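For reference, the structure discussed in these notes is given below.
There are 2 protein chains.
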Amino acid sequence: MNTSAHNLTIQQVAEATGLSVHTLRYYERIGLIHPIDRAQNSHRRYSQDDIGWIEFLMKLRATGMSIQDMQIYAHLQRQGDCSLPERVAMLTQLEAEVEAHIRELQEHQKLLRHKIKYYGSLLTAPEREAS
Amino acid sequence: MNTSAHNLTIQQVAEATGLSVHTLRYYERIGLIHPIDRAQNSHRRYSQDDIGWIEFLMKLRATGMSIQDMQIYAHLQRQGDCSLPERVAMLTQLEAEVEAHIRELQEHQKLLRHKIKYYGSLLTAPEREAS
DNA sequence: TTACAACTTCGAGTGCACTCGAAGTCAAGG
DNA sequence: CCTTGACTTCGAGTGCACTCGAAGTTGTAA
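Residue numbers (my numbering), protein chains in the order written: chain X, 832 to 962; chain B, 832 to 962.
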């Protein structure tokens, strides 16, 4: 089973993922993405596996992981199975940070809702102001 | 009732809020904070109300609001009650974004937990690898 | 009186994560 | 043959949100 057919141009990957072609080349340059296979004309050809990896990277970014930590993670990934413990450690750490971040956002959301409600009440029954 | 006693130096506010003195002056410079009252020696003296406002600003930042939007909000606040509708609109918009962000984080958290569990299982019962 | 710390303004510098522009190659279409 | 357009590399530029350093003033303590 060949899960790595090389069929997509950088343009197509940009459209599929929402990253710009600039960002795709940038990610490769800094080692977030392994050197992508090339067609005879030296153009990049992305496999489905490549897309999967890029989408995973985007999720890491969206959780707030820094580019630097993603570089470390990508490097570990390339080491193969022997790096599993470190990767699990990184993901576990990240998961905890995401959990904390969610809780913080929920707190702030409460305040926003409270303020919206209060300000709203001032609008319908006017003439006063405080916090 | 005077809720605006002027008693805190910039240093004390920095310690109380966790912002740096640089950032406090920066926020004032760009209009996020109104011009703080001064002691005779021209040193800033922050009131409890000022602290309250700064803490609110920090919460807006933590939800992801940009400095630019915070400038707009601060400006509206200074207009007084007549700006309430706009402020409610901004807060409502922000609340929706926070809601969406929380959901996104929860999705990514699910994936992280899944990966951690799967990689963990590889560690105890070794020799295989996939997604 | 002299040292020191904390404050002041101002403009410049930093780090991050892109984002872009220049200059060149190459293949297909008219 | 010539144009068009998608690709290539490389280094430089951008925008955001701080962050810092220099140079000066002031108030207290030894």
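Ideal placement from N, C-alpha and C gives every residue a C-beta, glycine not left out.
Keep in mind the model is a prediction, meaning the values are calculated, not measured.
- Here Leu839 (chain B) is bridged, per DSSP, to B:Tyr877.
- For Arg909 (chain B), the nearest beta carbon of chain X is not closer than 8 angstroms to its own beta carbon.
- In this structure, the alpha-carbon of Leu925 (chain X) lies about 20 angstroms from that of Glu938 (chain X).
- For a Cβ distance threshold of 7 angstroms, residue set Leu936, His939 of chain B lies close to Thr894 (chain X), ordered along the chain.
- Taking 8 angstroms as the CB threshold, Glu926 (chain B) lines the interface with chain X.
- Runs of the alpha helix (DSSP H) lying entirely within the segment 911 to 952 of chain B, each at least 4 residues long, are absent.
- Inclusion of Leu922 (chain X) and Ser914 (chain X) in the CB contact set at 8 angstroms is not warranted, their separation being larger than that value.
- Boundaries of the alpha helix (DSSP H) harbouring Thr854 (chain B): 852 to 860, taken from the DSSP string.
- Interface flag for Arg944 (chain B) against chain X is set, since a Cβ pair is found closer than 8 angstroms.
- Residue pairing of Arg869 (chain B) in beta bridges, as defined by DSSP: B:Arg875.
- The DSSP-derived three-state label of Gly849 (chain X) is coil.
- If you ignore the 5 residues before and after Ala845 (chain B), its C-beta comes within less than 7 angstroms of the C-beta of Ser851, Val852, Leu855, all in its own chain and listed in chain order.
- Val929 (chain B) places its beta carbon 8 angstroms or farther from that of Thr955 (chain B).
- Sequence-distant partners of Arg918 (chain B) (beyond 5 residues in either direction) whose C-beta falls short of 8 angstroms from its own C-beta, in its chain, are Tyr904, Leu907, Gln908.
- Contact note: Tyr950 (chain B) reaches chain X through Leu915, Arg918, Val919, Leu922, using a C-beta cutoff of 8 angstroms and chain order.
- With respect to chain X, the C-beta atom of Leu850 (chain B) has no partner C-beta closer than 8 angstroms.
- If you draw a straight line from the Cα of Ile882 (chain B) to the Cα of Ser878 (chain X), it is about 54 angstroms long.
- When the five nearest sequence neighbours on each side are left out, the beta carbons in the same chain lying within less than 8 angstroms of the beta carbon of Thr840 (chain B) are those of His874, Arg875, Arg876, Tyr877, in order along the chain.
- For the segment 859 to 886 of chain B, the set of positions with a beta-carbon nearer than 8 angstroms to some beta-carbon of chain X reads Gly883 in chain order.
- Using a 10 angstroms sphere on the CB of Ile885 (chain X), the tally of other CB atoms reaches 16 or more, which defines it as buried.
- At a cut-off of 8 angstroms, the C-beta of Ile903 (chain X) has no neighbouring C-beta in chain B.
- Contact note: Leu954 (chain B) reaches chain X through Leu915, Pro916, Val919, using a C-beta cutoff of 8 angstroms and chain order.
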